[in-house]
Amino acid sequence: MATTDTEHDLSHFGLGIDIGGSGVKGAIVDYRTGEFASERIKIATPSPATPEAVAAVVSEIVRGHNWDGPVGICLPSVVVNQVARTAANIDKSWIGTDVHDLFTNALGGTNVAVLNDADAAGLAEVSFGDETARSGAVLFLTFGTGIGSAFLADGVLFPNTELGHMMIGDKEAEHLASSAAKDREELSYKKWAKRVNKVLAEYERLFNPAAFVVGGGISRNSDKWVPLLTIDTPVVPAKLRNRAGIVGAAMAARSLIQP
Ligand code: BGC
Numbered sequence: 032m033a034t035t036d037t038e039h040d041l042s043h044f045g046l047g048i049d050i051g052g053s054g055v056k057g058a059i060v061d062y063r064t065g066e067f068a069s070e071r072i073k074i075a076t077p078s079p080a081t082p083e084a085v086a087a088v089v090s091e092i093v094r095g096h097n098w099d100g101p102v103g104i105c106l107p108s109v110v111v112n113q114v115a116r117t118a119a120n121i122d123k124s125w126i127g128t129d130v131h132d133l134f135t136n137a138l139g140g141t142n143v144a145v146l147n148d149a150d151a152a153g154l155a156e157v158s159f160g161d162e163t164a165r166s167g168a169v170l171f172l173t174f175g176t177g178i179g180s181a182f183l184a185d186g187v188l189f190p191n192t193e194l195g196h197m198m199i200g201d202k203e204a205e206h207l208a209s210s211a212a213k214d215r216e217e218l219s220y221k222k223w224a225k226r227v228n229k230v231l232a233e234y235e236r237l238f239n240p241a242a243f244v245v246g247g248g249i250s251r252n253s254d255k256w257v258p259l260l261t262i263d264t265p266v267v268p269a270k271l272r273n274r275a276g277i278v279g280a281a282m283a284a285r286s287l288i289q290p
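For the sequence shown, the working numbering puts the final residue at 290, and the numbers step up evenly by one.
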């Protein structure tokens, strides 16, 4: 972003990048509204999705936006003290990678903040999404390649929960009920909603949230499955959908939230 007049004061904007299983997506976000202030750039996730290969794509997206401010990046991994600890749907070589150093070096010394993708999406929903996410004990979930989770208490995040890997019967929750599982097994919404219900019932039994907020691409079609859920806890579709990861990553760059 080249303009520097008051209306385009750069402090109002941040670049967020969301690393996913199929695409790496980035956009400049207006912190005042949570809206994109640029086109979204999407580049296919390299295969294998090693840290170096993904960092090169991240750098391409930053250059594509002509951006030289801090950058927020989210990815499907537990991130503790800026070190990736898990790699469920990305290359195993992420485990133990100092993601702060990786991206800072790839971006020529740019200041970066890196966090888990579901945590980023949850934080974005708190700021710009459905007001349900802002108060009380809320379990925010994303349904995509995996199932991501963010625990929110009055809008404050308890980072790095990994409820997608909880065992539900003899399967991990995300193997049973991610939207990738729906596609893979060609499940109807009815059949898939039954599985989601089973997962949510277990979360409900153990965590007793006041509400679930459900995001990820499939929340776009929430009318097809949310009404089929029979658990007692209210389930509210997220408002930001696919945008949430990018917005939350950009927000992390601003406040340098470092889980
Ligand atoms: C990963 C989480 C991630 C979620 C959604 C899971 O497989 O373990 O870290 O948040 O997928 O991408």
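Quick reminder that beta carbons are idealized off the backbone N, C-alpha and C, glycines included.
All figures in this text were calculated on a predicted structure; none of them were measured in a lab.
For Ala-280, the Cβ stays outside the 8 Å cut-off from all heavy atoms of the ligand BGC. DSSP places Asn-136 outside any beta strand (DSSP E); the residue lies instead in the alpha helix (DSSP H), whose first and last residues are 130 to 137.
Per DSSP, Pro-268 is one residue of the beta strand (DSSP E) stretching across 266 to 268. If you check the CB distance, Pro-82 and Asn-147 do not come in under 9 Å.
Burial state of Val-187 is exposed, judged by a 10 Å Cβ sphere holding fewer than 16 other Cβ atoms. Here Ser-219 carries a coil assignment [DSSP, helix/strand/coil].
Taking a C-beta distance under 9 Å as the contact criterion, Pro-77 and Val-88 qualify as a contact pair. In this structure Val-130 touches Val-114 by the C-beta definition: roughly 7 Å separates them, less than 8 Å.
For Leu-207, the uninterrupted alpha helix (DSSP H) run begins and ends at 204 to 208, by DSSP. Every beta strand (DSSP E) of 3 residues or more that sits fully in the region 75 to 159 is shown, in chain order, as 102 to 106 and 143 to 147.
For Ala-283, the enclosing alpha helix (DSSP H) begins and ends at 275 to 286. Here the region 265 to 282 makes contact with the region 54 to 64; the two share three or more CB pairs at distances below 8 Å. Annotation: Gly-195 is outside any beta strand (DSSP E) and is labelled neither H nor E by DSSP.
A direct Cα-Cα distance of roughly 15 Å separates Asp-254 from Phe-174. DSSP places Leu-271 in the coil class of the three-state scheme, outside both helix and strand.
At the C-beta level, Ala-208 and Ala-184 stay beyond 9 Å of one another. Here DSSP, grouped into helix, strand and coil, assigns Ile-48 to strand. In the same chain as Asn-228, and ignoring 5 residues on each side of it, the C-beta atoms closer than 7 Å to its own belong to Leu-260, Thr-261 and Ile-262, in chain order. Under the three-state reduction of DSSP, Asp-185 is assigned to coil, being neither helix nor strand. With respect to the 9 Å criterion, Ile-104 and Ile-178 are not classified as neighbours on the basis of their beta carbons. Contact check for Trp-125 against Thr-117 passes: the beta carbons are separated by less than 9 Å. Contact between the region 136 to 144 and the region 227 to 244 is not established, with fewer than three Cβ pairs separated by less than 8 Å. Looking at Gly-65, Lys-222 and Ala-68, the one whose alpha-carbon comes closest to that of Val-257 is Lys-222. Less than 9 Å divides the Cβ of Glu-193 from the Cβ of Val-109.
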